[in-house]
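First comes the structure, then the notes that go with it.
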Amino acid sequence: MSAWTVTLADGRALRRFLAAGTFFLRKYRQVVNDLNVFPVPDGDTGSNMYLTVRGALLEVRKAHASGVAEAAAAAAMGSLMGARGNSGVIISQMLRGFAHSVRHKQALETFDFAVALRDGVAAARAALLKPVEGTIISVAQAAADAAYKLSLREADFYHLIAGMVKQANEALERTPEQLPVLKEAGVVDSGGTGFVYFFEGILRFLPGNLARTTAFPRRPQRSAVFSAKQRVEEHRFCTEFVLEESRCDDRRLRTELDSLGDSLLVIGGEGVLKVHIHTDEPERVTAAAAALGRVTRLKVDNMERQHNVMVVERPSKPWGVVAVVPGAGFAEIYRDLGAEVVLRSDGHAGLSVRDVVLASNSVLEPVVYLLPNDPNLLLVAREAAALVQGREVRVVATRDPAHGIGALFALGARAHEEPSVEELEAAARSMVVGSVFLAGKDAMFGGIAISRGEFTGLVGSEMLTEGTIDATVLAVARRMGGEDGGLLTLYYGAAQKERDAERVAQRLRTEIAHLEVQYYYGGQPNSEYVISLER
Amino acid sequence: MSVAIVTDSTADLDPAVARELGIAVVPLFVNFGEQRFLDGVELAREAFFARMAAGGVLPSTSQPTAQAFEDAYRPLVEAKREIVSVHISAKLSGTINAASAGAQAFSQHRIECFDSQTATAGLGLLVTGAARMARDGGGVDEILAALHAWRASQHGYAVFPDLNHLARGGRLGKAKALIGGILRIVAIIEVKDGEAHEFGKARTFSRGLDDVADAAVAHVMHPERARLGVVHTNAPQIAAGLVERLRARLPSPAQEITVVAAGPSIGVHGGPGAAGVFSVG
């Protein structure tokens, strides 16, 4: 028997729960990433979830709250600003619902905690346009329901959470039955797994007397298919802030921030430091600084934007564009086509709501068209759009960067108007898009067997494979309707070379008459080719 | 005697129409290296595009001489006809300077040189409009007033598969930003205030034609009073496609949609395969 038990959770306890869950999620985030559903290996669920709860934890630490209401509110705010990816947005909604439920409470008994969990899950469901069963929502629901039933007779948090984790695990095992795409890929849901890890972390932190074995940790289901490359870009954001209550001197802070940008200036002392840096990642800078004190008077300016305003004669128009793209080549193309701010979704930290809010704020025009270019970033984009003030942010639901280029061209043709989101989405959809990528693992998809390491084509929801990469591109082009003519554009990924793209383009021209073929560097890490067909 | 209308070969008038309306056309020069041809007179359209396609030295244009205008005006002056001379935008060509220099020879006679601030089919619309007024007995002042009104209400859009011809000839005006991008694009130009402006970009030529048709139709308030001129550089099928797009977008038939084939002097700068639409009223 343990010497003591936890029966009342106040603000400090909530902070410790959060810290324990965050720690565990951090430790196992790669396992969650690797579960991220086949076919598109954008495996970032684990990292996104970790960064989201870390955002919550940082905010709670800053709040120094003793009451649970204040701590939960801080967690909700922190996760909202740090939310990355779909799962991150769902978690932030859960924390928001939780915080609302406990808003008048100093401390929670198990029953209050369980009720707040249920309210959190309900809030997340309400925020989703169409909640899908077999995902983190189902797992969280099962956990919250189990907690509610248990809490009627169980006062000890250890037993409550142990019961929750058990039910959550069982719900997780059911996800492949609920969502066919998981079953075909032979995995359980990644977001649900992350949820279980989080509570498993809390469980292991709590003093308890049960054997410490639950179903976890799981083994990784596959290894990463690509390695992150170091990318060097010009630094675009002039970032300034004051670090108050700093727990370090200027020299230490300089060392911490030095690798994150250039033109670094750190001045002051005695607990207050003024910082100026040019960086591409203002958020990493402030996060690093936040670990050493309190960041205040933060000011982030997009220097590229300032430069453009001062130097380049631009056609006047009532709107600006913020786009999210998955590679250096796409970033260049988008800037070239006039997008005011281009964010990268392939960075190591994923993309947060905060990144998108900052980017939208740096646009000078009163209307901002936001192109997420990825179905997984749509929620993040919508969340950010709702948070931006003083500008109207219109989210154009572009599904990939080629679609986004279609929307940009449609915008360019109406430079003096404010086209509706529907018009732009129609323009994007009028373009047929496909891709070719390297399968990350063996799987069945749509009745087709695909082996790990095999080049796989994707047109809509249809997969095809032809052995070699060239033959697969050709098959994709035909499936897209290339034989009826038009302009086929290949955007080659980070793993392909220009001469490969040239060879494929030449073969397409030879084998498909009346097809104009162009190729450009996209630089995306998660596919070999993004392909678009326009007429 | 009726007022005489004079223009230059950049109006791309159909010779039959020019004859019927009695419009005098002064040709520009088209140069292939050392060789110099009178636009449309010594060098026919078909021969020009064939030669351009054959490669070799790239053609250029030069404005007519003042003497050429003097020669064109002389018989009209001798016939005691007042003259309205309507020309390509002064920002695109020095032709109108040659015209007014040519008019100096007849200082006792009324010759009005009018800058159309446009070219090709756009200029054609102004010139044929003026010629019809002259034929119906309109006086110089009446015709000039109409020309001013038309010039103020005119619009022109063109789509180019290759903007380099326009760039090489220095006719890109305010549309310079359209070249040098990463993606190969189909450029859409607006002719405004007498020169080229960037209007937009498209990925495919067909989409560019859609955009051009949308833009042109957006200015048409009363189709029954609108005159449209469609021009192409050696691409009649493209022009037909553009006319089809215009018809589909107009709520009721336009008063006039004229299709003209650009001659050598416009062809030099547009390059083959370009198309545009001009409107007045």
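Listed in order, the protein sequences are those of chains A and B. Mapping to our numbering: the first sequence position 400 is 400, numbers consecutive. Mapping to our numbering: the second sequence position 138 is 138, numbers consecutive. We treat Cβ as the ideally placed atom computed from N, Cα and C, and that holds for glycine.
Distance, A:Gln-106 Cα to A:Phe-386 Cα: As a position in the first sequence, residue 386 of chain A is number 386, starting the count at 1. As a position in the first sequence, residue 106 of chain A is number 106, starting the count at 1. The sequence shown places Ala at residue 386 of chain A, rather than the Phe named in the question. Between A:Ala-386 and A:Gln-106, the C-alpha separation is close to 30 Å.
Per-residue DSSP class, three states only, for B:Leu-163: The count along the second sequence starts at 1 and reaches residue 163 of chain B at position 163. Reduced to three states, the DSSP call for B:Leu-163 is coil.
CA-to-CA distance, A:Phe-24 to B:Leu-163, given in whole angstroms: Residue numbering aside, residue 163 of chain B sits at position 163 when the second sequence is read from its first letter. Residue numbering aside, residue 24 of chain A sits at position 24 when the first sequence is read from its first letter. Near 59 Å, if we compare the C-alpha coordinates of A:Phe-24 and B:Leu-163.
On the premise that A:Gly-457 lies in contact with A:Ala-475, defined as a C-beta separation below 8 Å, what is that separation, rounded to the nearest angstrom? Along the first sequence, read from residue 1 onward, the residue named residue 475 of chain A stands at position 475. Along the first sequence, read from residue 1 onward, the residue named residue 457 of chain A stands at position 457. Correct: roughly 6 Å between the Cβ atoms.
Continuous beta strand (DSSP E) stretch holding B:Asn-31: start and end: Residue 31 of chain B sits at position 31 when you count from the first residue of the second sequence. That run of the beta strand (DSSP E) goes 29-32.
Can you name, in chain order, every residue of its own chain whose Cβ lies under 8 Å from the Cβ of A:Leu-536, other than the five neighbours on each side? This structure cannot settle anything about residue 536 of chain A, because the visible part of chain A is limited to 1 through 535.
Less than 8 Å separating the Cβ of B:Ala-254 from some heavy atom of the ligand FMN? This structure lacks the ligand FMN, and indeed carries no ligand of any kind.
In this structure, what does DSSP give as the bridge partners for B:Ser-62? Working through the second sequence from its first residue, we reach residue 62 of chain B at position 62. DSSP output for B:Ser-62 lists B:Phe-29 as bridge partner(s).
Taking C-beta pairs closer than 9 Å, name the residues in chain B that A:Ile-512 reaches, listed in chain order. Locating residue 512 of chain A in the first sequence gives position 512, where the first residue counts as 1. Within chain B, no residue comes near A:Ile-512; the closest Cβ sits about 16 Å away, beyond 9 Å.
Any chain A beta carbon closer than 9 Å to B:Ser-206: By 1-based counting over the second sequence, the position of residue 206 of chain B is 206. For B:Ser-206, the answer is yes, since a Cβ of chain A falls inside 9 Å of its Cβ.
Return no unless some Cβ of chain A is closer than 9 Å to the Cβ of B:Lys-192. As a first step, residue 192 of chain B is located in the second sequence; it is residue number 192 there, counting from the start. Output row for B:Lys-192: interface = no.
Alpha carbon to alpha carbon, what distance is there between B:Val-243 and B:Leu-166? For the purposes of this step, residue 166 of chain B is identified with residue 166 of the second sequence, where counting begins at 1. For the purposes of this step, residue 243 of chain B is identified with residue 243 of the second sequence, where counting begins at 1. Going from the Cα of B:Leu-166 to the Cα of B:Val-243 covers about 24 Å.
In angstroms, rounded to a whole number, what distance separates the CA positions of B:Gln-237 and B:Val-259? Residue 237 of chain B sits at position 237 when you count from the first residue of the second sequence. Residue 259 of chain B sits at position 259 when you count from the first residue of the second sequence. Between B:Gln-237 and B:Val-259, the C-alpha separation is close to 11 Å.
Would you mind telling me which residues of chain B sit closer than 8 Å to A:Asp-336, beta carbon to beta carbon, in chain order? Stepping through the first sequence from its first residue, residue 336 of chain A is reached at position 336. The contacting residues are Gly-181, Ile-182, Leu-183.
Taking the alpha carbon of A:Gly-67 as the reference point, which residue from A:Arg-103, A:Arg-54, A:Gly-11, A:Val-102 has its own alpha carbon closest? Position 67 of the first sequence holds residue 67 of chain A. Of A:Arg-103, A:Arg-54, A:Gly-11, A:Val-102, the residue nearest in Cα terms is A:Gly-11.
With distances taken between CB atoms, is the gap from A:Leu-8 to A:Leu-152 smaller than 9 Å? On the first sequence, position 8 is the one that residue 8 of chain A refers to. On the first sequence, position 152 is the one that residue 152 of chain A refers to. Not closer than 9 Å, so no.
Check each candidate in B:Asp-193, B:Glu-190, B:Gly-267 and name the one with the smallest Cα separation from B:Arg-168. Within the second sequence, residue 168 of chain B is the residue found at index 168, counting from 1. Out of B:Asp-193, B:Glu-190, B:Gly-267, B:Gly-267 has the C-alpha closest to the C-alpha of B:Arg-168.
Rounded Cβ spacing between A:Ala-74 and A:Ala-63 (contact assumed at less than 8 Å): Residue mapping note: residue 74 of chain A aligns to position 74 of the first sequence, counting from 1. Residue mapping note: residue 63 of chain A aligns to position 63 of the first sequence, counting from 1. Right, their Cβ atoms sit about 4 Å apart.
I'd like to know whether the C-beta atoms of B:Thr-204 and A:Leu-487 end up nearer to each other than 9 Å. Residue mapping note: residue 204 of chain B aligns to position 204 of the second sequence, counting from 1. Residue mapping note: residue 487 of chain A aligns to position 487 of the first sequence, counting from 1. Against a cut-off of 9 Å, the Cβ pair of A:Leu-487 and B:Thr-204 comes out as a contact.
If contacts are defined as beta-carbon pairs under 8 Å, then A:Gly-320 and A:Val-363 qualify, I think. What distance do you get, rounded to the angstrom? As a first step, residue 320 of chain A is located in the first sequence; it is residue number 320 there, counting from the start. As a first step, residue 363 of chain A is located in the first sequence; it is residue number 363 there, counting from the start. Contact holds; Cβ gap of about 4 Å.
Establish whether the CB of B:Lys-201 and some CB of chain A are separated by less than 9 Å. Here residue 201 of chain B refers to the residue found at position 201 of the second sequence. Interface residue, yes.
Name the chain B residues whose beta carbon is nearer than 7 Å to that of A:Glu-422? The count along the first sequence starts at 1 and reaches residue 422 of chain A at position 422. The contacting residues do not exist; A:Glu-422 stays about 16 Å from chain B at best.
For the stretch 459-504 of chain A, list the alpha helix (DSSP H) runs that are entirely contained and at least 4 residues long, ordered along the chain. 469-480
Distance check for A:Gly-134 and A:Gln-178, CA to CA, integer angstroms please. Counted from its first residue, the first sequence places residue 178 of chain A at position 178. Counted from its first residue, the first sequence places residue 134 of chain A at position 134. Each residue's Cα considered, the two are about 5 Å apart.
Which value, in whole angstroms, describes the spacing of the CA atoms of A:Val-225 and A:Gln-496? Numbered from its first residue, the first sequence carries residue 225 of chain A at position 225. Numbered from its first residue, the first sequence carries residue 496 of chain A at position 496. Low per-residue confidence applies at A:Val-225: pLDDT is 29, beneath 50, and the placement is therefore not dependable, though the value from the model is reported in the following sentence. Taking the straight line joining both Cα atoms gives about 14 Å.
Counting only the same chain and skipping the five closest in sequence on each side, list residues whose C-beta sits under 7 Å from that of A:Gly-293. Position 293 of the first sequence, counted from the first residue, corresponds to residue 293 of chain A. The residues are Leu-243, Glu-244, Glu-245, Ser-246, Arg-247.
Could you give the distance in angstroms between the alpha-carbon of A:Gly-88 and the alpha-carbon of A:Pro-375? Within the first sequence, the letter at position 88 stands for residue 88 of chain A. Within the first sequence, the letter at position 375 stands for residue 375 of chain A. Going by the C-alpha atoms only, they are around 14 Å apart.
State yes or no: is the C-beta of A:Ala-427 within less than 9 Å of the C-beta of A:Ala-407? Your numbering for residue 427 of chain A matches position 427 in the first sequence. Your numbering for residue 407 of chain A matches position 407 in the first sequence. For A:Ala-427 and A:Ala-407, yes; Cβs fall inside 9 Å.
Chain-ordered neighbours of A:Phe-409 on chain B, where CB pairs are closer than 7 Å: Within the first sequence, numbered from 1, the residue matching residue 409 of chain A stands at position 409. Ordered by position in chain B, the residues that pass the 7 Å Cβ test against A:Phe-409 are Lys-201, Ala-202, Arg-203.
For a contact meaning CB atoms closer than 9 Å, what does A:Gly-486 contact in chain B? Indexing the first sequence from 1 puts residue 486 of chain A at position 486. Correct list: Thr-204, Ser-206.
Mapping DSSP to helix, strand and coil, what is A:His-100? Position 100 of the first sequence, counted from the start, is the residue given in the question as residue 100 of chain A. Note: A:His-100 maps to helix in three-state DSSP.
Counting only beta-carbon atoms, is A:Gln-518 nearer than 9 Å to chain B? Position 518 of the first sequence holds residue 518 of chain A. Yes - at least one Cβ of chain B is within 9 Å of the one on A:Gln-518.
Taking Cβ positions only, does A:Met-535 come closer than 9 Å to chain B? As a working mapping, residue 535 of chain A is identified with position 535 in the first sequence. Strictly speaking, residue 535 of chain A in this sequence is Arg, with Met absent from that position. Taking Cβ atoms only, chain B reaches closer than 9 Å to A:Arg-535, which makes this a yes.
Using 9 Å as the threshold, is the C-beta distance between A:Gly-493 and A:Ile-202 below it? As a position in the first sequence, residue 493 of chain A is number 493, starting the count at 1. As a position in the first sequence, residue 202 of chain A is number 202, starting the count at 1. The answer is no: Cβ separation not under 9 Å.
Coarse secondary structure for A:Thr-175, derived from DSSP in three states: Sequence index remark: in the first sequence, residue 175 of chain A carries index 175 (1-based). Helix at A:Thr-175.
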